[in-house]
Amino acid sequence: MLNAENYSADAMQAYDEENWIRAQRLFNQALALYQSIDNRTDTLITHINLVEVALAKHDSQVAQRHLTLATDIVQTDGLKSYQSRIALLNALMALQQKQMIKTIHFLNDLLPEFKDEIAITGINAIQLAAIAIRTEIAFQQKNKESLWTLRYGNALKKSANKNTALEARLLRFQSRLLLQQGDYEKSTANLQQALKIYKKNLSRSDIAATLLEIGMLYEKQSDWQRTLNYFKRSIAVFSSIRNTEKVNKVTAMLAKVKSAEANSALRINPKKSVDR
Amino acid sequence: MNRQIEKGSIKKDTGQYIHQITYNYRERLVGSFVFFGFILLLSFIIISVKNQHLFEKRVMFYIDVNSSDGISQGSTVTALGTEVGLVSSLSLAQNHKIRVAIEVYKQHHRFIRVGATALVNRLTTIGSAQIEITSKIIDAPMLEAGSTIPVEETPSLNDLLLGIANLIQSANNKDLFNKVEGILPKVEDTLTNIHGIIAQIATGHGVLGAAVFDQKVEKELKVVVNSGAKILSEAEGIISIAKQRLIQLQPILLDAKHMTHDLSSASQSLPEMIKELNAIVMQAKSALSLINEELQDIPGIGLDTKRTLSKTGQLLDSVQNTWPLSKNSSTPAAKQLIAPQSSYE
Chain A
1 MLNAENYSAD
11 AMQAYDEENW
21 IRAQRLFNQA
31 LALYQSIDNR
41 TDTLITHINL
51 VEVALAKHDS
61 QVAQRHLTLA
71 TDIVQTDGLK
81 SYQSRIALLN
91 ALMALQQKQM
101 IKTIHFLNDL
111 LPEFKDEIAI
121 TGINAIQLAA
131 IAIRTEIAFQ
141 QKNKESLWTL
151 RYGNALKKSA
161 NKNTALEARL
171 LRFQSRLLLQ
181 QGDYEKSTAN
191 LQQALKIYKK
201 NLSRSDIAAT
211 LLEIGMLYEK
221 QSDWQRTLNY
231 FKRSIAVFSS
241 IRNTEKVNKV
251 TAMLAKVKSA
261 EANSALRINP
271 KKSVDR
Chain B
277 MNRQIEKGSI
287 KKDTGQYIHQ
297 ITYNYRERLV
307 GSFVFFGFIL
317 LLSFIIISVK
327 NQHLFEKRVM
337 FYIDVNSSDG
347 ISQGSTVTAL
357 GTEVGLVSSL
367 SLAQNHKIRV
377 AIEVYKQHHR
387 FIRVGATALV
397 NRLTTIGSAQ
407 IEITSKIIDA
417 PMLEAGSTIP
427 VEETPSLNDL
437 LLGIANLIQS
447 ANNKDLFNKV
457 EGILPKVEDT
467 LTNIHGIIAQ
477 IATGHGVLGA
487 AVFDQKVEKE
497 LKVVVNSGAK
507 ILSEAEGIIS
517 IAKQRLIQLQ
527 PILLDAKHMT
537 HDLSSASQSL
547 PEMIKELNAI
557 VMQAKSALSL
567 INEELQDIPG
577 IGLDTKRTLS
587 KTGQLLDSVQ
597 NTWPLSKNSS
607 TPAAKQLIAP
617 QSSYE
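Taken in sequence, the protein lines are chains A and B.
Under my numbering, the first residue of the first sequence is numbered 1, with each subsequent residue one higher.
Under my numbering, the first residue of the second sequence is numbered 277, with each subsequent residue one higher.
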């Protein structure tokens with residue numbers, strides 16, 4: 001039991017450090033130990049943790065496997081307090097697979113009741129995460145982004161589960177709204193503030209994502225130098241957490257920007273191409 | 277012969293002169309006017325003589341100066357703000373100096389003591405110098421007449437102006453003004469950088485990670501932090517071993533059947549040993565948390581150190597929670613469930 005707890009503690013630590021492979025290994029070791037003494041609650045918790053780790057690795061197969069096992073335990077043992085968590089994990093997985101309708105379906109049971117932009121009931125951590133996911137969907141579908149951003153902001157104020165990472169997420173949503181309104185300056189300022197928060201928390205995946213967003217912002221303004229700078233920095237951070245998928249994606253974007261920069265240089269100095 | 281009768285005299289026809297001895301009022305009035313006028317004149321003369329020290333005895337002293345600029349015969353000499361004498365003569369002395377003879381009035385001789393120095397001040401008035409004698413120790417014996425007093429001279433205004441002109445000339449010759457003009461933009465850049473540094477520190481960007489900062493300092497800090505992290509890793513190894521030993525001891529001490537007299541006496545000292553170990557662990561924990569706070573703002577490097585520190589902190593927690601240390605520990609069990617997430621990048 002003690003060893004299992006130790007493994008779990010170490011795994012939590014590895015998760016905080018975004019060392020997904022190590023976290024997965026340690027959670028699996030803990031899972032084996034909990035299963036050996038038929039500790040159902042801790043087994044369920046470990047399955048949930050393994051789903052989170054698999055989602056972080058974008059490994060949908062492993063995530064689905066552990067989610068199914070977790071759902072079985074909840075249904076078999078009647079552990080109803082974990083049902084909302086299972087629903088949230090389902091929504092998160094559907095979001096990763098870009099199944100928006102399925103995501104909204106899972107979220108509907110989790111979202112609190114709203115009166116315009118204010119939630120009527122109290123907000124717990126799972127509901128706050130659900131509102132954040134719903135806001136992300138709103139931006140992706142370009143539907144009621146402003147309303148959901150306001151709802152998220154108000155829910156964050158109301159919630160007792162505040163942390164700086166959630167505040168940084170709000171800043172990023174607000175930045176996207178400002179971008180839609182064409183206010184590049186304020187949008188950049190919000191993203192820079194969010195970046196500062198993530199750097200303080202040493203949350204590398206969020207740092208990388210924010211750097212990418214800032215780069216994309218400069219790309220819209222055709223500021224190629226800055227765009228290249230931020231894309232390169234984003235690639236460096238994604239590489240450090242071994243997020244190959246994102247590294248490849250940003251590298252492709254970088255190549256496009258370089259070619260756009262070359263084209264704009266040619267337009268300014270057409271003589272050079274003639275001389276060649 | 278008959279003469280006209282003159283005023284104040286009686287002349288007889290006989291031709292003999294007899295002096296008048298009685299005067300009328302008008303004559304007396306005129307006479308007293310003349311007399312008092314004379315008295316007044318005399319008193320003025322006496323006062324003037326006294327002020328000009330015309331008949332006063334004088335004591336001679338000498339000072340040797342490099343330049344007689346501003347010094348002339350009759351120049352006043354002061355001591356303690358009082359006029360004590362004057363320059364009587366100037367003459368050439370040895371060592372290409374000018375000997376100035378000062379006559380100090382006898383009544384003011386007491387101001388001139390052994391160890392006195394003279395200051396020739398050419399800056400108070402343009403064109404003339406003021407000679408002031410200062411006695412350092414007023415209780416010292418009076419300086420003998422005929423002594424030479426050491427002198428300090430100030431430059432004249434002309435000399436000062438000439439000196440400044442020379443400086444400007446030489447600076448101009450060495451093109452210093454142009455060089456200063458060239459340096460100023462660089463100074464401005466440096467100041468801008470310094471402002472940038474201060475702004476970055478104020479916004480929590482930290483000391484490391486920017487090209488503007490001293491890379492040597494950054495390297496040294498990295499070395500310190502890395503070596504600190506290594507030390508903590510070693511400590512982690514030692515604590516894990518200690519933890520394993522404690523786990524091994526647990527069943528032996530619990531089973532009362534196996535406790536012999538020797539073992540029970542040995543175990544009596546165990547609580548004290550455990551207390552000591554507990555205290556050491558607590559101290560290490562508080563030191564680690566202090567270091568952790570200090571490293572909060574250092575990106576990059578802080579990640580590794582933070583990781584090591586958190587790991588060591590966790591190990592310390594687990595040692596604390598291990599029997600028999602856990603008896604006195606009321607630390608709650610760590611949360612084992614990952615907090616709900618809304619996205620993974």
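All residues carry an ideal CB built from backbone N, CA and C; glycine is no exception.
Compare the C-beta of residue i with all C-beta atoms of chain A and state if any pair is closer than 8 Å.
i: Q617(B); result: yes
i: V488(B); result: For V488(B), the predicted structure reports a pLDDT of 38, less than 50, and the residue's modelled location is therefore unreliable. A value from the coordinates is still provided. V488(B) does not count as touching chain A.
Compute the beta-carbon to beta-carbon distance between residue i and residue j, rounded to the nearest angstrom, for a pair I have assumed lies under 8 Å.
i: S187(A); j: L217(A); result: 6 Å
i: S175(A); j: L156(A); result: Between L156(A) and S175(A) the Cβ distance is about 15 Å, and since that is not below 8 Å, they are no contact.
i: L395(B); j: E428(B); result: 5 Å
i: I339(B); j: I388(B); result: I339(B) to I388(B), Cβ: 12 Å. No contact.
i: N163(A); j: N124(A); result: Their Cβ separation, rounded to whole angstroms, is 14 Å, which puts N163(A) and N124(A) out of contact at 8 Å.
i: T149(A); j: L166(A); result: Going by Cβ atoms, the distance from T149(A) to L166(A) rounds to 13 Å, so no, they are not a contact pair.
i: I86(A); j: T43(A); result: With a Cβ gap of about 14 Å, I86(A) and T43(A) do not count as contacting.
Residues of chain B with CB closer than 8 Å to the CB of residue i, please, in chain order.
i: E52(A); result: I614 and Q617
i: I133(A); result: S618 and S619
i: N49(A); result: Q612, L613 and I614
i: I45(A); result: Q612 and L613
Please confirm if residue i has its CB atom under 8 Å from at least one CB of chain B.
i: K186(A); result: no
i: M12(A); result: yes
i: L55(A); result: yes
i: K246(A); result: yes
i: Y15(A); result: yes
i: N90(A); result: no
i: I197(A); result: no
i: I37(A); result: no
i: S175(A); result: no
i: S8(A); result: yes
Give the secondary structure of residue i by DSSP, where H, G and I count as helix, E and B as strand, and everything else as coil.
i: S390(B); result: Sequence check: residue 390(B) is Val here, not Ser. If DSSP states are grouped into helix, strand and coil, V390(B) belongs with coil.
i: F355(B); result: Looking at the sequence itself, residue 355(B) is Ala, so the reference to Phe does not match. Residue state, collapsed to three classes: strand.
i: S264(A); result: helix
i: K115(A); result: strand
i: G361(B); result: strand
i: R161(A); result: What sits at residue 161(A) in the sequence shown is Asn, not Arg. Correct three-state label for N161(A): coil.
i: T41(A); result: helix
i: Y338(B); result: strand
i: E420(B); result: coil
i: E136(A); result: helix
i: Y620(B); result: coil
i: S203(A); result: coil
i: E167(A); result: helix
i: R375(B); result: strand
i: Q292(B); result: coil
i: Q406(B); result: strand
i: E429(B); result: strand
i: R398(B); result: strand
i: S367(B); result: strand
Below 9 Å on C-beta distance, what does residue i contact in chain B?
i: E136(A); result: S618 and S619
i: S205(A); result: Y620 and E621
i: R85(A); result: L613 and P616
Below 7 Å on C-beta distance, what does residue i contact in chain B?
i: A236(A); result: Within 7 Å Cβ-Cβ: nothing; A236(A) doesn't reach chain B, min ~11 Å.
i: A208(A); result: E621
Would you say residue i touches the ligand PLP, meaning its beta carbon is less than 7 Å from a heavy atom?
i: A416(B); result: What this structure holds is no ligand at all, so the ligand PLP is not there to describe.
Short-range partners of chain B found in the region 116 to 128 of chain A, where Cβ spacing is below 8 Å: Taking 8 Å as the Cβ-Cβ cut-off against chain B, the residues of the region 116 to 128 of chain A that qualify are A125, I126 and L128.
Interfacial residues, the region 139 to 165 of chain A to chain B, with Cβ spacing under 7 Å: If the cut-off is 7 Å between Cβ atoms, the region 139 to 165 of chain A has nothing near chain B.
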